[in-house]
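Chains as they are written, first to last, in the numbering used here: chain A, 758 to 983; chain B, 758 to 983; chain C, 758 to 983; chain D, 758 to 983.
Built from N, CA and C at the ideal position, the CB exists for glycine as well.
Every value quoted in this text rests on a predicted model; they were computed, and no experiment measured them.
A quick write-up on the structure given underneath.
4 protein chains.
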Amino acid sequence: MGKLSMDDVFKALAKPLPDFEIKPGKTALLLIDMQNLVSSKPLLQEALNEGLPEREVREALREYDQRVSKAVKNARRILQACRKKGYDIVHIKLGAQTSNPRHTAKINRKADLIVPMDAEKGRFLDEVKPAKGELIFPKTDGGAFTGTNLDFVLRNMDIESIIVAGFLTDQCVLATAICGADIGYDVLLVEDACTGTTKENHDSVVKLAKDVFLKTKSTSELMRII
Amino acid sequence: MGKLSMDDVFKALAKPLPDFEIKPGKTALLLIDMQNLVSSKPLLQEALNEGLPEREVREALREYDQRVSKAVKNARRILQACRKKGYDIVHIKLGAQTSNPRHTAKINRKADLIVPMDAEKGRFLDEVKPAKGELIFPKTDGGAFTGTNLDFVLRNMDIESIIVAGFLTDQCVLATAICGADIGYDVLLVEDACTGTTKENHDSVVKLAKDVFLKTKSTSELMRII
Amino acid sequence: MGKLSMDDVFKALAKPLPDFEIKPGKTALLLIDMQNLVSSKPLLQEALNEGLPEREVREALREYDQRVSKAVKNARRILQACRKKGYDIVHIKLGAQTSNPRHTAKINRKADLIVPMDAEKGRFLDEVKPAKGELIFPKTDGGAFTGTNLDFVLRNMDIESIIVAGFLTDQCVLATAICGADIGYDVLLVEDACTGTTKENHDSVVKLAKDVFLKTKSTSELMRII
Amino acid sequence: MGKLSMDDVFKALAKPLPDFEIKPGKTALLLIDMQNLVSSKPLLQEALNEGLPEREVREALREYDQRVSKAVKNARRILQACRKKGYDIVHIKLGAQTSNPRHTAKINRKADLIVPMDAEKGRFLDEVKPAKGELIFPKTDGGAFTGTNLDFVLRNMDIESIIVAGFLTDQCVLATAICGADIGYDVLLVEDACTGTTKENHDSVVKLAKDVFLKTKSTSELMRII
Numbered sequence: 758m759g760k761l762s763m764d765d766v767f768k769a770l771a772k773p774l775p776d777f778e779i780k781p782g783k784t785a786l787l788l789i790d791m792q793n794l795v796s797s798k799p800l801l802q803e804a805l806n807e808g809l810p811e812r813e814v815r816e817a818l819r820e821y822d823q824r825v826s827k828a829v830k831n832a833r834r835i836l837q838a839c840r841k842k843g844y845d846i847v848h849i850k851l852g853a854q855t856s857n858p859r860h861t862a863k864i865n866r867k868a869d870l871i872v873p874m875d876a877e878k879g880r881f882l883d884e885v886k887p888a889k890g891e892l893i894f895p896k897t898d899g900g901a902f903t904g905t906n907l908d909f910v911l912r913n914m915d916i917e918s919i920i921v922a923g924f925l926t927d928q929c930v931l932a933t934a935i936c937g938a939d940i941g942y943d944v945l946l947v948e949d950a951c952t953g954t955t956k957e958n959h960d961s962v963v964k965l966a967k968d969v970f971l972k973t974k975s976t977s978e979l980m981r982i983i
Numbered sequence: 758m759g760k761l762s763m764d765d766v767f768k769a770l771a772k773p774l775p776d777f778e779i780k781p782g783k784t785a786l787l788l789i790d791m792q793n794l795v796s797s798k799p800l801l802q803e804a805l806n807e808g809l810p811e812r813e814v815r816e817a818l819r820e821y822d823q824r825v826s827k828a829v830k831n832a833r834r835i836l837q838a839c840r841k842k843g844y845d846i847v848h849i850k851l852g853a854q855t856s857n858p859r860h861t862a863k864i865n866r867k868a869d870l871i872v873p874m875d876a877e878k879g880r881f882l883d884e885v886k887p888a889k890g891e892l893i894f895p896k897t898d899g900g901a902f903t904g905t906n907l908d909f910v911l912r913n914m915d916i917e918s919i920i921v922a923g924f925l926t927d928q929c930v931l932a933t934a935i936c937g938a939d940i941g942y943d944v945l946l947v948e949d950a951c952t953g954t955t956k957e958n959h960d961s962v963v964k965l966a967k968d969v970f971l972k973t974k975s976t977s978e979l980m981r982i983i
Numbered sequence: 758m759g760k761l762s763m764d765d766v767f768k769a770l771a772k773p774l775p776d777f778e779i780k781p782g783k784t785a786l787l788l789i790d791m792q793n794l795v796s797s798k799p800l801l802q803e804a805l806n807e808g809l810p811e812r813e814v815r816e817a818l819r820e821y822d823q824r825v826s827k828a829v830k831n832a833r834r835i836l837q838a839c840r841k842k843g844y845d846i847v848h849i850k851l852g853a854q855t856s857n858p859r860h861t862a863k864i865n866r867k868a869d870l871i872v873p874m875d876a877e878k879g880r881f882l883d884e885v886k887p888a889k890g891e892l893i894f895p896k897t898d899g900g901a902f903t904g905t906n907l908d909f910v911l912r913n914m915d916i917e918s919i920i921v922a923g924f925l926t927d928q929c930v931l932a933t934a935i936c937g938a939d940i941g942y943d944v945l946l947v948e949d950a951c952t953g954t955t956k957e958n959h960d961s962v963v964k965l966a967k968d969v970f971l972k973t974k975s976t977s978e979l980m981r982i983i
Numbered sequence: 758m759g760k761l762s763m764d765d766v767f768k769a770l771a772k773p774l775p776d777f778e779i780k781p782g783k784t785a786l787l788l789i790d791m792q793n794l795v796s797s798k799p800l801l802q803e804a805l806n807e808g809l810p811e812r813e814v815r816e817a818l819r820e821y822d823q824r825v826s827k828a829v830k831n832a833r834r835i836l837q838a839c840r841k842k843g844y845d846i847v848h849i850k851l852g853a854q855t856s857n858p859r860h861t862a863k864i865n866r867k868a869d870l871i872v873p874m875d876a877e878k879g880r881f882l883d884e885v886k887p888a889k890g891e892l893i894f895p896k897t898d899g900g901a902f903t904g905t906n907l908d909f910v911l912r913n914m915d916i917e918s919i920i921v922a923g924f925l926t927d928q929c930v931l932a933t934a935i936c937g938a939d940i941g942y943d944v945l946l947v948e949d950a951c952t953g954t955t956k957e958n959h960d961s962v963v964k965l966a967k968d969v970f971l972k973t974k975s976t977s978e979l980m981r982i983i
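Following this line, the structure appears as structure tokens:
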């Protein structure tokens with residue numbers, strides 16, 4: 758189109774973030790909230806408990822499920838490749854440290870979004886579950902950097918960049934990626950290894966964050982450089 | 758509408774954040790990056806320096822300018838009311854602490870987005886410039902919590918909630934609001950006292966963050982409870 | 758004595774920290790590194806492995822053991838009283854999150870002071886071991902605030918003050934107490950529920966930190982106000 | 758000596774921290790609280806205001822003054838050498854960001870230890886005052902890492918180690934050094950470029966921290982490797 762958007766004008770003020778090197782020992786893979794709670798089964802149950810109409814819930818979940826399944830499949834490919842090449846793997850997990858709700862983040866408590874320690878819905882998805890020796894960080898808020906000692910541990914490891922995948926693009930993935938970028942990590946968001954509450958929200962986040970807070974790649978693009 | 762979106766289904770998993778009380782002594786007003794650099798004049802200049810076509814740049818800036826002017830006018834109303842009622846006022850400012858670029862955040866250095874210490878474009882907008890005794894935090898990254906000791910100072914003051922206004926909704930405002938929410942502050946985003954790179958990005962952020970990370974109000978709604 | 762020390766003169770510049778209220782819901786008990794590794798058995802073994810003369814090691818350990826035993830006994834009394842009155846209990850633990858040494862704090866790695874995840878010497882002392890539902894923070898550095906998300910969790914709980922006991926006064930207890938005090942917690946060190954590498958070092962820390970970074974009480978004094 | 762101390766036994770558990778390389782670009786010099794407030798003049802005045810006997814105050818201050826003067830002289834030598842070789846210089850300063858005491862750290866407010874923004878006693882000592890372009894961090898608590906964005910800025914600069922000098926060894930120097938060590942910096946304390954409230958407290962800190970949290974050198978030793 759002939760018309761200039763403000764995006765174009767702002768590029769005069771700040772240039773797009775440069776690409777960066779992905780390298781074992783310097784780069785970690787962060788899988789965010791890849792747990793049962795994002796699968797449609799518990800969502801269906803909770804939606805029905807809330808009295809939402811079953812047929813329409815199922816319809817909405819069908820589209821969502823396709824997005825989630827695709828992201829899980831892609832995250833699994835990345836995870837396997839990263840393991841093979843010796844990248845550090847980090848699993849972020851929505852879940853309480855104890856059974857006492859007072860120990861959890863205020864934000865999620867206000868939203869009744871507490872995943873009890875050993876809840877079935879807190880279990881990692883089989884496709885991407887942690888292997889022995891991989892880091893696991895339980896958190897009770899949105900972003901992994903604010904609610905855990907993730908930054909401390911990544912610094913111990915001399916990690917400089919993170920590959921981010923998981924759920925949900927417009928919530929925990931967003932909060933983790935922006936905070937990580939601000940404190941100095943190079944962040945690569947794998948566009949098709951995550952998804953949002955809605956496709957629209959996912960797309961919005963990718964659009965606003967790309968080149969400003971982080972770089973993006975598809976799983977296929979990433980697989981070529983892992 | 759008959760169709761159920763995934764937004765509706767997710768509300769079964771987490772309820773909207775509750776409203777919270779705004780109160781002098783417990784609530785601070787955060788004005789973010791309300792500096793010359795968001796006004797159209799330096800943007801025009803830099804865009805022309807980059808070789809963008811003047812007429813189209815001017816056209817894009819006209820729409821942007823209207824959004825910015827409205828947000829500044831609203832922020833000014835809020836600022837004046839907050840001052841009158843004794844709220845703590847905090848000015849966040851994009852700007853380096855020294856003239857040495859190595860001292861600035863990596864993310865903005867990568868994007869060539871460094872505002873030198875005493876640069877004209879770093880000056881606060883007249884309409885909302887700090888009064889004597891108000892807090893000023895220079896930062897060189899996106900979010901104010903990651904790049905300054907803001908959280909430390911707000912804790913010293915026993916601040917529990919923040920009213921957020923300023924620029925840009927999809928960049929520094931977003932990064933500040935999300936991080937603040939995650940570490941425990943109640944966050945109120947004043948929808949029409951901030952704006953984004955594009956109106957579309959502003960709207961996307963409001964949509965995805967509302968009730969999940971923060972509450973939103975219009976300036977008029979806020980004025981009634983300050 | 759007639760002579761004035763510089764301590765007295767400095768009191769003209771800063772007055773002693775005031776006493777503060779200890780209260781369930783506002784105060785947490787922090788037990789630091791109360792694990793097998795502070796008992797004399799593993800120390801004896803490691804000292805012998807290093808080729809130190811057994812008789813002299815045993816003699817040094819005898820005096821140390823008495824100090825440790827007394828501190829454990831006192832910590833146990835406090836722990837039991839705190840549980841009964843509903844104080845939050847926090848157990849800090851020297852120990853790795855995984856079996857990968859790269860995941861541990863640089864400072865302890867440099868000192869070869871890594872306690873593997875499930876090591877026998879990392880087990881909590883029976884007398885003060887965690888009860889169900891109590892918080893446990895594994896750490897791999899000195900201070901609990903720097904190496905874990907302890908501050909995040911205490912803020913979630915609205916904790917304002919901490920009672921500190923455990924080991925060693927001149928190392929992890931010192932690092933935790935000073936950092937906690939600086940970020941805003943009222944800190945009460947229970948003088949006879951902790952001990953140092955040497956009695957002399959313990960006494961030095963109490964002397965320099967008392968009234969400047971924290972308040973001190975004996976176990977008996979504390980028992981009267983829990 | 759024939760007798761083994763517990764220090765010796767603990768060395769079987771953890772070995773002394775290794776030496777590390779001092780290098781421009783990787784190492785920063787931190788001068789802590791080298792301000793008028795540590796000189797004897799304001800201390801004398803405040804001590805007299807408190808009603809302490811003048812002759813005895815003067816006597817205590819004489820010994821203190823000698824220690825301070827020596828440390829300032831040494832810090833000046835180090836500062837000049839570091840400037841010449843291109844080390845980053847960081848000045849930490851006890852002082853409020855605004856004139857509002859609510860904006861200051863709780864710990865120092867409790868102790869009435871607030872240094873107003875532009876107070877004469879807050880001025881840097883002439884011998885070691887900042888040159889143009891050097892970093893200055895005002896703080897209102899003990900440790901520089903907890904009360905400022907120092908860590909953020911040092912990370913931006915890829916600083917890995919810090920040389921620490923200034924005042925007081927048993928207060929702000931201790932708090933800064935321990936926290937810095939725990940979060941991963943190699944810390945070198947210049948023993949004779951700092952001093953404590955009393956010589957005894959200074960010596961205690963050096964003794965307990967050396968090889969455990971940090972390395973120590975004399976000014977002369979340091980001058981050979983800068």
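{"Check": "Any C-beta of chain D under 9 Å from that of K863(B)", "Outcome": "yes"}
{"Check": "Pair within 9 Å by beta-carbon distance, F777(A) and K967(A)", "Outcome": "no"}
{"Check": "For K772(C): DSSP bridge partner residues", "Outcome": "In DSSP, K772(C) forms no bridge with anything."}
{"Check": "Residues in the stretch 803 to 833 of chain A having any Cβ partner in chain D nearer than 9 Å", "Outcome": "none"}
{"Check": "Spatial neighbours of S856(B) in its chain, beta-carbon cut-off 7 Å, leaving aside the 5 residues before and after", "Outcome": "P873 and M874"}
{"Check": "A806(D) classed as buried or exposed, judged by whether at least 16 other C-beta atoms fall within 10 angstroms", "Outcome": "Before going on, a small fix: residue 806(D) reads as Asn here, not Ala. N806(D) should be labelled exposed."}
{"Check": "For E811(D), the nearest candidate out of K798(C), E811(C), S762(C) and P775(C) (CA to CA)", "Outcome": "S762(C)"}
{"Check": "Through-space distance from A932(B) to A817(A), alpha-carbon basis", "Outcome": "30 Å"}
{"Check": "Buried versus exposed, by CB contacts within 10 Å (16 or more), K878(A)", "Outcome": "buried"}
{"Check": "Short CB-CB distance (under 9 Å) between I916(C) and chain F", "Outcome": "Protein chains A, B, C and D are contained in the structure displayed, whereas chain F is not."}
{"Check": "Chain A within 9 Å of D949(B), Cβ atoms only", "Outcome": "no"}
{"Check": "Within the stretch 929 to 972 of chain B, ranges of the alpha helix (DSSP H) (whole runs, at least 4 residues)", "Outcome": "931 to 939 and 956 to 966"}
{"Check": "Terminal residues of the beta strand (DSSP E) in which V825(A) lies", "Outcome": "Not the beta strand (DSSP E): V825(A) falls in the alpha helix (DSSP H), residues E811 to K842."}
{"Check": "Contact with chain A by F881(C), beta-carbon distance below 9 Å", "Outcome": "no"}
{"Check": "Euclidean distance between Cα positions of K760(B) and E813(A)", "Outcome": "7 Å"}
{"Check": "Selected residue, minimal CA-CA separation from K841(B), among A888(B), K827(B), T861(B) and G852(B)", "Outcome": "A888(B)"}
{"Check": "CB contact check: Q792(C) to chain D, cutoff 9 Å", "Outcome": "no"}
{"Check": "Contact belief for V847(D) with F924(D) at Cβ below 8 Å, rounded distance in angstroms", "Outcome": "Actually they are not in contact, since the Cβ atoms of V847(D) and F924(D) sit about 15 Å apart, beyond 8 Å."}
{"Check": "Stretch pair the stretch 901 to 921 of chain C + the stretch 895 to 908 of chain A: three plus CB contacts closer than 8 Å", "Outcome": "yes"}
{"Check": "DSSP-derived helix/strand/coil call for T926(C)", "Outcome": "helix"}
{"Check": "Helix, strand or coil at S762(B) according to DSSP, with G and I counted as helix", "Outcome": "coil"}
{"Check": "For L851(D), the first and last residue of its enclosing beta strand (DSSP E)", "Outcome": "D845 to L851"}
{"Check": "Reference L836(D), options L801(D), S796(D) and I919(D), closest by Cα", "Outcome": "I919(D)"}
{"Check": "Sheet register partners of L786(A) (DSSP bridge)", "Outcome": "I846(A) and I920(A)"}
{"Check": "Counterpart residues of P781(B) in DSSP-defined beta bridges", "Outcome": "T784(B)"}
{"Check": "Pair within 9 Å by beta-carbon distance, V825(B) and S797(B)", "Outcome": "yes"}
{"Check": "For D764(A) and T952(B), believed in contact at Cβ under 8 Å, the rounded distance", "Outcome": "Rounded, the Cβ-Cβ distance is 14 Å, inconsistent with contact."}
{"Check": "Nonlocal neighbours in the same chain, by C-beta distance under 6 Å from A862(B), ignoring five residues either side", "Outcome": "T897, D898 and G904"}
{"Check": "Near-chain A residues of the stretch 920 to 941 of chain B (beta-carbon distance less than 8 Å), N- to C-terminal order", "Outcome": "D927, Q928, L931, A932, I935, C936, A938, D939, I940 and G941"}
{"Check": "Proximal chain A residues relative to D898(B), where beta-carbon distance stays under 7 Å", "Outcome": "D939"}
{"Check": "Residues bridged to L892(C) [DSSP beta-bridge criterion]", "Outcome": "V847(C)"}
{"Check": "Proximity below 9 Å, CB of K827(A) to CB of I916(A)", "Outcome": "no"}
{"Check": "Straight-line gap, D845(A) to L892(A) (C-alpha atoms, nearest Å)", "Outcome": "8 Å"}
{"Check": "Check whether L774(B) and V766(A) have beta carbons under 9 Å apart", "Outcome": "no"}
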